[in-house]
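Residue numbers (our numbering): 211 to 344.
Below is the structure:
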């Protein structure tokens, strides 16, 4: 099976992306080994200019895969957070100056698929497991 291409948010997602479902989920990968759910949620709310916690509808994080998926109230919120997260360098939790977060807007179905496909990133040990929140 050939993996599906991941569609960007906003107008670049096109009509096909819209038919697949709302792109309200942001998948983030290449997280630092010490990043936790609260860090991601706080940074998302900062990207939304101090929106209330109700803007984040849920999400989950897999520390072994160094990846997370976050659900937002709207596509525009997801787009804004994706733009803020993509290329972000977390000096506190990254082991290397080259570690940059990668972020994508996805549908609910694609976000689950992308999380399942994400493989553990080399190196790093630490904590493990999946954090689920709502």
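Where is the CB? At the ideal position from N, CA and C, for every residue including glycine.
Exercise. Please state whether DSSP places residue 305 in a helix, a strand or coil.
Key: In this structure, residue 305 counts as coil in the three-state DSSP scheme.
Quiz item: Just the Cα atoms here: how many angstroms apart are residue 231 and residue 317?
Solution: 5 Å
Exercise. Whole angstroms is fine: what's the gap from residue 299's alpha carbon to residue 311's?
Key: So the two alpha carbons sit approximately 6 Å from each other.
Quiz item: DSSP puts residue 298 in a beta bridge; with which residues?
Solution: None; residue 298 has no bridge partner.
Quiz item: Can you tell me where the alpha helix (DSSP H) with residue 256 in it begins and where it stops?
Solution: 247-257
Quiz item: So which of 322, 261, 273 has the shortest CA-CA distance to residue 241?
Solution: 273
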